[in-house]
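Residue numbers (the working numbering): 32 to 274. Built from N, CA and C at the ideal position, the CB exists for glycine as well. Below is one structure, written out as structure tokens, with a few remarks after it.
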């Protein structure tokens, strides 16, 4: 199996210790070094390669499974990454990928409504402490948003891509994208048997949010409006052409 964007090997370690012949790819040298150390300490076996997921250094049809969690929605060429997954998979091979879900509670309510309102308040003197108390957000993170507001002015709030990118993975995150189910299917149009599922509501800043997230009602809601959109797709199996 290949993990595209392995980070420090948290998921990869579980795959490897469960018996997978694991290869992890990441652009970060420090992440690769930490992943290798994690595997060594845990006595797990795997290979790590520093490379881009849009230009994978592997032969065609090299893997049975490609796994990528929360990576390709940060790339300018997301489609290029999906095409590379298709290329390196064997016929019948499986891709399991997570991207951010646009038609979600987190996108429409938390990010585009509430976070916009709270970030706007940061322009008010001494408001940062009040916002931190209400949202339980880290003061350092809020200061980062305040600096972006000072740098870009109202454009920081009105520019959809700019605001989304800095309000998913923190201030300074260069790019984040979110996909509808239809757009996710389009990304994986070269695959067969594409299945979609949503999970995770991201309620950590809401009062009682963590407690609610463990309830049956939350599980029902996350299957419809979860923030993480999982794509489970198979590469078509070639069939011989009869003469």
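Expressed to the nearest angstrom, what Euclidean distance is found between the alpha-carbon atoms of residue i and residue j?
{"i": "residue 259", "j": "residue 230", "result": "5 Å"}
{"i": "residue 38", "j": "residue 99", "result": "10 Å"}
{"i": "residue 68", "j": "residue 75", "result": "10 Å"}
{"i": "residue 243", "j": "residue 249", "result": "6 Å"}
{"i": "residue 57", "j": "residue 113", "result": "15 Å"}
{"i": "residue 168", "j": "residue 49", "result": "36 Å"}
{"i": "residue 255", "j": "residue 53", "result": "32 Å"}
{"i": "residue 171", "j": "residue 83", "result": "30 Å"}
{"i": "residue 268", "j": "residue 129", "result": "23 Å"}
{"i": "residue 239", "j": "residue 246", "result": "11 Å"}
{"i": "residue 185", "j": "residue 91", "result": "47 Å"}
On the DSSP letters alone, give me the boundaries of the beta strand (DSSP E) that residue i sits inside.
{"i": "residue 262", "result": "259-265"}
{"i": "residue 225", "result": "223-230"}
{"i": "residue 81", "result": "77-81"}
{"i": "residue 35", "result": "33-35"}
Tell me which residues share the same chain as residue i and place their Cβ nearer than 6 Å to its Cβ, disregarding the 5 neighbours each side in the sequence.
{"i": "residue 119", "result": "87, 89, 93 and 94"}
{"i": "residue 228", "result": "261"}
{"i": "residue 34", "result": "43, 55 and 98"}
{"i": "residue 211", "result": "133 and 134"}
{"i": "residue 141", "result": "none"}
{"i": "residue 263", "result": "127 and 226"}
In three-state terms, what does DSSP make of residue i?
{"i": "residue 90", "result": "coil"}
{"i": "residue 61", "result": "helix"}
{"i": "residue 167", "result": "coil"}
{"i": "residue 109", "result": "helix"}
{"i": "residue 141", "result": "helix"}
{"i": "residue 209", "result": "strand"}
Write down the C-beta distance between residue i and residue j rounded to the nearest angstrom, noting that I regard them as a contact closer than 8 Å.
{"i": "residue 163", "j": "residue 152", "result": "So it is not a contact: roughly 11 Å between Cβ atoms."}
{"i": "residue 166", "j": "residue 139", "result": "Not really, about 17 Å apart at Cβ, beyond 8 Å."}
{"i": "residue 187", "j": "residue 179", "result": "5 Å"}
{"i": "residue 107", "j": "residue 206", "result": "7 Å"}
{"i": "residue 241", "j": "residue 234", "result": "7 Å"}
{"i": "residue 159", "j": "residue 146", "result": "Actually they do not touch by this definition, with Cβ atoms about 14 Å apart."}
Any heavy atom of the ligand SAM closer than 7 Å to the beta-carbon of residue i?
{"i": "residue 218", "result": "With respect to the ligand SAM, the structure offers nothing, as it holds no ligand at all."}
Using C-beta distances below 7 Å, list every residue in its chain close to residue i, excluding the 5 sequence neighbours before and after it, in chain order.
{"i": "residue 257", "result": "132, 135, 229, 230, 231 and 232"}
Would you say residue i faces chain B, with C-beta separation under 8 Å as the test?
{"i": "residue 220", "result": "Here chain B cannot be found, since the structure has a single protein chain."}
Tell me which residue opens and which closes the alpha helix (DSSP H) that residue i is part of.
{"i": "residue 123", "result": "Careful: residue 123 lies outside any alpha helix (DSSP H), inside the beta strand (DSSP E) at 120-132."}
{"i": "residue 42", "result": "41-48"}
Apart from the five residues just before and just after residue i, which ones in its own chain have a Cβ nearer than 8 Å to its Cβ?
{"i": "residue 47", "result": "53, 70, 75, 76 and 77"}
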